[in-house]
Amino acid sequence: MQCPVCSTADDNPYVATKCGHVFHKECLRKWLATKAENYDRLNTTCPVCRETVTLTDCLALFTSAERSRPLSEREQINADIAKTLDELAKVRMEKFRLQCKKGTLKRETAFVEDSLTQIDLDIASVSGKVVLLRKKKALLPPRYDWASL
């Protein structure tokens, strides 16, 4: 497991946030103790997704070195929770990606609909011109073919 804050994967204790991201406990503690960029207050959000986070809401995780001994039922449940939180984070990222795509497609759809509306107006305008020209043509005197006389 690699900590997103320090980008290392060592045996320091890990914690999982309620949003499903995993960090070294000390890295997250330091993150929460620093001031937010461009703000005069402490960070209160997950470094990855910006969801509100507190250290007390985090779940302690166990590394592979700690798993070399048999797991107690509580440790197994914690491991299952960590795995499920990781899966939850992946699903949330996929949801976010699809929401972004949905927004893009909505904007593209609106643009196409506006274009179609404009084309319909152009068709109506040109059709009106055709009708007027046909009326003008009907008012013209008949054409004589002098050659056939």
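So for the sequence shown, this note's numbering puts the first residue at 645; every next one is plus one. Glycine included, each C-beta is placed from N, C-alpha and C at the ideal position. Only a predicted model underlies this, so the values are computations on that prediction, with no experimental measurement involved.
- Pairwise C-beta distances place the region 685 to 694 out of contact with the region 751 to 760, as fewer than three of them are shorter than 8 angstroms.
- The three-state reading of DSSP puts L705 in strand, counting E and B together.
- The region 744 to 753 and the region 664 to 681 do not touch, with fewer than three beta-carbon pairs separated by less than 8 angstroms.
- Collapsing the DSSP output to three states places V692 in coil.
- In this structure, DSSP gives K662 a state outside helix and strand, which the three-state scheme calls coil.
- Residue pairing for K734: DSSP places it in no beta bridge.
- Taking all protein chains in view, the Cβ of F667 is crowded by 16 or more other Cβ atoms within 10 Å, so the residue is classified as buried.
- Here the alpha carbon of K739 sits roughly 16 angstroms from the alpha carbon of K750.
- For the options V659, C663, D654, the alpha carbon positioned closest to that of K734 is the one of C663.
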